[in-house]
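Counting from 152, one number per residue, gives the positions in the sequence shown under this note's numbering. Note that the Cβ used here is the ideal one computed from N, Cα and C, for glycine as well. Only one structure is covered here, and it is reproduced in the block below.
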Amino acid sequence: MQATVLIADDSIQNLEILQNYLDNAAFDYEIFEANNGEEACEIAEGEELDLILLDWEMPVMKGIDALRRLKSQEKTKNIPVIMVTGRAESEDLKEAFDAGATDYVEKPVREKELQARVESAIKLHKAMELIKRQKLEIEQQKEMIESQSNRELSMKAMEVYQKNQILETIHSDLAKTSQLTEGEAYKRLSKVLRLIKDSLSFEDEWKNFVTHFEKVHPSFFSTLKNLCPQLTTEDLKHCAYIRIYLSNKEIAQLLNITPKSVITHHHRIKKKMALSDDVKFADYIRSLDN
């Protein structure tokens, strides 16, 4: 195992002892040295460290103060710190752990104990960093999959819109033709008009959309209904379209209403759900199944 360790102690003798102990360990350590807490913080902020051995009593800045500074900085807050101290009182140890210390080694330092504690702290740190990286990768992959799925759902929704636009056009054209038709031809055209108008209903398309939507966001509708059982199918449509990042204009096209009507409907849903005015409705809806 390779690791980078910073040793901070104002005693040259102690620095030499600790470095020798680590040099004798089974692992390969690259070692930095500091003579006070401030210098230790500066090195930590500029290097990629796996561990810090920090003496409690040092000039310029005490080890405990350096520890607090390290834990307050984004760059250094996750570096494990082992306090090397002759202060073994429970109050002192509590203060160190409360400040963020990972472990402590009591002076005079025993070689095997130091090696074991350093090895354990570094292994734990590396394992935690690996878990964080893997978690980040999983989240990124999840976001990519969700983004792709939302694009597919948006395309599905727009297909419904385009189909209904075509049917609306046909209906309009046939309506004009029917005005000029007489007898049986007029009756037949009227029947066709009724069939086309009936097919403009979103019911079947909505059910199909819900089937695809719930494959991507399986808990979305159930969460909404649990939060607000009063929501209607029309309300759920609006919420679903918001969840896949459709704009108000796109929602208006899908539902054959004006963008202003969309905004008004969203205010009504927000009121039903008893959301406060400072809550951003779209952000809230998109957070429900995360």
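- Contact between the region 208 to 219 and the region 277 to 292 is not established, with fewer than three Cβ pairs separated by less than 8 Å.
- Just so you know, the alpha carbons of Tyr180 and Lys431 end up roughly 51 Å apart.
- Secondary structure at Val367: helix, using DSSP grouped into helix, strand and coil.
- Residue pairing by DSSP places Glu240 opposite no residue, since no beta bridge is assigned to it.
- DSSP places Ile182 in the uninterrupted beta strand (DSSP E) bounded by Asp179 to Ala185.
- In the three-state scheme derived from DSSP, where H, G and I count as helix and E and B as strand, Tyr396 is classed as coil.
- In terms of CA proximity to Tyr396, Ala433 leads the group Ala433, Thr415, Glu199 and Ile273.
- Gln381: not part of any alpha helix (DSSP H); DSSP gives it neither H nor E.
- By the neighbour-count criterion, in which a residue is buried when 16 or more other Cβ atoms sit within 10 angstroms of its Cβ, Asp174 is exposed.
- Here Thr155 is bridged, per DSSP, to Glu181.
- The region 195 to 202 and the region 239 to 251 do not touch, with fewer than 3 CB-CB distances between them shorter than 8 Å.
- Taking the C-beta atoms as reference points, Lys422 is found no nearer than 8 Å to Cys379.
- The three-state reading of DSSP puts Glu225 in coil, since its state is none of H, G, I, E or B.
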